[in-house]
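Down below is the structure, laid out as structure tokens.
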Amino acid sequence: MYDIRLENVTKKFGDFTAVDDITFTIPKSSVTVLLGPSGCGKTTLMRMVAGLETPTSGKVFFGEHEVTNVPTKRRNIGMVFQYPVIYRGTSVRKNLELPLLSEKLSKAELDKRIDEVAEILDLTSVLKRQVEELDNGTRQKIAVGREVARQPRIILFDEPITNIDLTSKLELKRSMKELFGRLQQTIVYVTHDQTEAMTLADQIALMQDGVITQSDSPKEIYEKPNSQFAGWFLGNPGMNFVPPEFIKVSGSKITSPLFTQTIDLGSKASSVDTFGVRAEGISVTSSQAKDGVQARVTRKSIGAGGQYLLDLAVGSLLIKARVSHSIGRDAKDSVWTNIASENITFFDKAGKAL
Amino acid sequence: MAETIFKPKRKSGPIKFATIGAWSIALLFFLPVAWIFSTAFKPKDSIVVSPPVFIFRPTLDNITEALSFDNTFDYFTHSIVYSFGSVIIAILVSYLAAYSFSRYKPAGTDFLMFLLLSTRFVPAAAFVVPYFQLFNLLKLKDTYIGLIAFYAMFSIPFSVWILKGFLDGISQRFDETGLVYGASRWHIMFKVILPQVKPGLVASFVFNILFVWNEFLFNFQLGGARTFGIPVGLFTGSTKGGAIDWAYVASIGTLYVLPLIIVIYAFQKYLLVGLTFGTVRGEV
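These protein sequence lines map, in sequence, to chains W and X.
Position one of the first sequence corresponds to residue 342 (the numbering used here), numbered consecutively onward.
Position one of the second sequence corresponds to residue 15 (the numbering used here), numbered consecutively onward.
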């Protein structure tokens with residue numbers, strides 16, 4: 342298998358710079374998710390890996406081989422698009438089989454590959470059906486299966502489950518997770534959906550305005566965002582950000598009406614502009630705690646897994662806290678909150694984590 | 015008493031009226047054709063009589079007589095060769111052009127598409143003389159090549175328009191998937207995309223064949239004894255004896271529409287889809 346190396350890759354469309362001087366390595370035999378909001382350049386970046394777009398400048402390597410100007414058809418890759426590409430008027434089996442026919446495989450090998458992907462993707466029962474009869478989720482599974490059966494070295498996924506209805510989406514996401522666990526290929530997966538990224542990725546490359554702002558494991562990127570953008574984009578709800586007027590810096594010491602302790606940041610303290618805390622990083626109690634900050638509950642909603650999401654007002658500042666079912670249920674108008682130091686990430690004026 | 019939730023069911027009266035109306039109008043439009051058909055099978059002495067005869071003993075005399083003229087068979091051969099030849103070439107060229115417009119979007123595609131169609135704005139009478147001179151100069155007058163090239167050129171713009179509409183409705187992801195699988199552009203164009211625009215191909219084929227099959231003026235001016243088609247043959251043949259030979263007109267006319275009826279009937283299922291000009295989009 343190959344890793345994919347991008348060296349100073351830039352892509353411009355007229356005056357618009359879609360991908361801005363990216364140097365990045367996508368490790369082999371793992372799942373890398375390119376995550377970012379619409380228009381951040383993630384799809385363009387993937388299309389350059391596929392050879393469907395040519396970089397304005399910079400180089401693309403598969404392992405040691407430069408492929409910048411190698412046409413798509415010679416790159417030996419697989420690609421699944423947002424829109425399920427299926428061949429109408431044929432059966433599911435035929436759809437999986439078509440690209441394999443030019444590879445001169447033995448009948449036994451062909452059947453083995455098809456039966457294998459059909460089993461992983463739960464398509465065995467529909468193999469004989471006509472593709473027109475199937476829903477979008479199943480069609481997309483066919484498109485995924487077709488790429489997997491070809492066994493290319495690299496498989497690219499361009500928002501494959503964005504256009505699928507909700508129930509099929511969850512199922513497809515599960516199948517993908519299982520599939521990715523079994524595959525040895527280098528996988529690149531583009532999405533704007535952070536839960537998809539968190540579920541599927543070995544590493545997430547977070548993109549904003551044509552550059553990769555952070556790349557790390559999902560856990561790492563979630564817990565230690567290196568920018569305000571990463572904190573805001575990942576997590577549902579995103580990170581709470583506390584503006585400068587709620588932060589007091591004296592020398593290296595930092596205090597705030599939101600927590601009771603004093604945090605020593607050393608020399609970094611002078612550049613602190615804001616700090617962020619995840620909704621689950623805020624501890625909440627219903628009874629008065631001695632090192633607690635009083636907060637007013639303005640809104641209460643129940644979320645997945647029975648957890649509660651509380652909208653809290655500390656003075657004039659509004660923050661969101663995620664709490665266990667029992668705490669949420671018992672929370673009345675007024676609660677006490679505190680934030681442990683390790684749950685706080687400080688940012689400078691440019692939004693960079695300190 | 016239960017409240018009335020639904021409006022009372024509509025009586026079927028108006029719908030029946032509409033059906034009858036539609037049928038009467040359609041039959042009215044069909045009358046000239048029906049007249050030609052029936053005349054072709056009438057005995058000669060009941061064709062031009064007043065009052066017209068509706069009940070008669072059908073005969074094949076008119077048709078056999080018309081077919082017995084030396085050049086009747088030639089007219090048919092000529093018509094078939096230049097009509098089908100030019101339209102098939104036109105569709106092939108148009109498909110390639112429409113594919114390029116749809117996929118590569120050259121700068122100013124919209125304007126180019128407009129320019130293409132604008133060749134059909136000018137009335138035929140305005141350029142029949144220049145074409146006549148040009149064809150004489152190039153020694154194309156009264157040749158199949160000349161006529162086929164001319165009719166193909168005339169058929170291309172409209173076909174490109176129809177086909178581009180269809181191609182725009184086929185997601186480019188099909189092309190890209192093909193590239194990923196290592197297919198050549200030709201393979202993608204003819205094996206992956208072409209089967210998906212069949213209704214468009216049929217629609218442009220039918221529209222153009224109707225036009226070329228019926229075209230008279232240019233065949234008359236640019237053709238000659240070796241290439242005159244049925245419309246010209248009909249025109250010259252009908253007045254041969256000094257008066258109009260209705261039996262001849264009707265017999266040839268009847269034979270003349272048969273190929274069209276067969277073509278349209280055979281492709282009807284595609285044609286209905288074709289008439290929506292590919293407005294059903296595949297991609298969201």
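Even glycine gets a Cβ: it sits at the ideal position worked out from N, Cα and C.
For the alpha helix (DSSP H) that K254/X lies in, which residues bound it at each end? Run containing K254/X: none; DSSP gives neither H nor E here.
Could you give the uninterrupted runs of the alpha helix (DSSP H) lying entirely in the segment 533-567 of chain W, keeping only those of 4 residues or more? 535-541 and 559-564
Take S619/W and list the residues in its own chain whose beta-carbon comes closer than 7 Å to its own, dropping the five residues that flank it on each side. One point to set straight first is that residue 619/W is Arg, not Ser, in the sequence displayed. The answer, listed in chain order, is G576, M580 and N684.
Same chain, Cβ closer than 7 Å to K352/W, neighbours up to 5 away in sequence not counted: A359, V360, T385, M389, E394, P396 and T397
Alpha-carbon spacing of M203/X relative to G251/X, whole angstroms: 46 Å
Give, in chain order, every residue of the segment 159-193 of chain X whose Cβ lies closer than 7 Å to some Cβ of chain W. S185, R187, F188, E190, T191 and L193
Taking Cβ-Cβ distances below 9 Å as the criterion, which residues of the segment 263-276 of chain X are in contact with chain W? none
Under 8 Å by Cβ, that's how I've got A138/X and F232/X pegged, so tell me the actual separation to the nearest angstrom. 7 Å
If you draw a straight line from the C-alpha of K609/W to the C-alpha of V583/W, how long is it? 17 Å
Using DSSP with H/G/I as helix, E/B as strand and the rest coil, what is F125/X? helix
Relative to the alpha-carbon of P501/W, which residue among S593/W, G644/W and Q423/W has its alpha-carbon at the smallest distance? Q423/W
For A610/W, which residues does DSSP report across the bridge? Beta-bridge pairing links A610/W to no other residue.
List the DSSP bridge partners of F582/W. G617/W
Any C-beta of chain X under 7 Å from that of T373/W: no
Any beta carbon from chain W within less than 7 Å of G13/X's own beta carbon? In the structure displayed, chain X extends from 15 to 298; residue 13/X sits before or after that span and is not available.
Check whether the segment 100-117 of chain X and the segment 163-178 of chain X are in contact - that is, three or more C-beta pairs closer than 8 Å. yes
Using 7 Å as the threshold, is the C-beta distance between N679/W and F600/W below it? yes
Whole angstroms is fine: what's the gap from H201/X's alpha carbon to D189/X's? 10 Å
Output the distance between the C-alpha atoms of I668/W and S627/W, rounded to the nearest integer angstrom. 7 Å
Could you have a look at I363/W and say whether DSSP puts it in helix, strand or coil? strand
May I ask you to report which of helix, strand or coil DSSP gives I685/W? strand
Helix, strand or coil at I69/X according to DSSP, with G and I counted as helix: coil
Strictly by DSSP, which residues pair up with N679/W? S624/W
Please state the DSSP three-state secondary structure of G296/X. Low confidence applies here, because G296/X scores a pLDDT of 46, under 50, leaving its location unreliable; read the following figure in that light. In the structure shown, G296/X sits in coil (DSSP, three-state: anything other than H, G, I, E or B).
Please name the residue in D88/X, S82/X, V101/X and S218/X whose C-alpha comes closest to that of V226/X. V101/X
S93/X beta carbon less than 7 Å from that of I244/X: yes
Pick out the complete alpha helix (DSSP H) segments inside the segment 352-428 of chain W, 4 residues or longer, and give them in chain order. 383-391
Against chain X, does F309/W count as a neighbour if the rule is that its beta carbon must be under 7 Å from one of theirs? Chain W is shown only over 342 to 695; residue 309/W falls outside these bounds and no answer can be derived.
Member of M127/X, A32/X, L215/X and L45/X whose CA lies at the smallest distance from the CA of F68/X: L45/X
At a Cβ cut of 9 Å, what residues of the segment 385-407 of chain W count as close to chain X, listed as they run along the chain? R388, A391, G392 and L393
Interface residues of chain W around Y195/X at Cβ under 7 Å? P440
In this structure, does DSSP put S597/W in helix, strand or coil? strand
Using a Cβ cut-off of 7 Å, pull out every chain X residue sitting near K418/W, in sequence order please. Note that residue 418/W is Ile in the sequence shown here, rather than Lys. Chain X residues near I418/W: V194.
For the putative contact between R549/W and G377/W, defined by C-beta atoms under 8 Å, what is the C-beta separation to the nearest angstrom? The displayed chain sequence assigns Gln, not Arg, to residue 549/W. Yes, they are in contact, since the Cβ atoms of Q549/W and G377/W sit about 6 Å apart, within 8 Å.
Please tell me whether Y343/W has its Cβ less than 7 Å away from any Cβ of chain X. no
Counting only C-beta atoms, is T413/W closer than 7 Å to chain X at any point? yes
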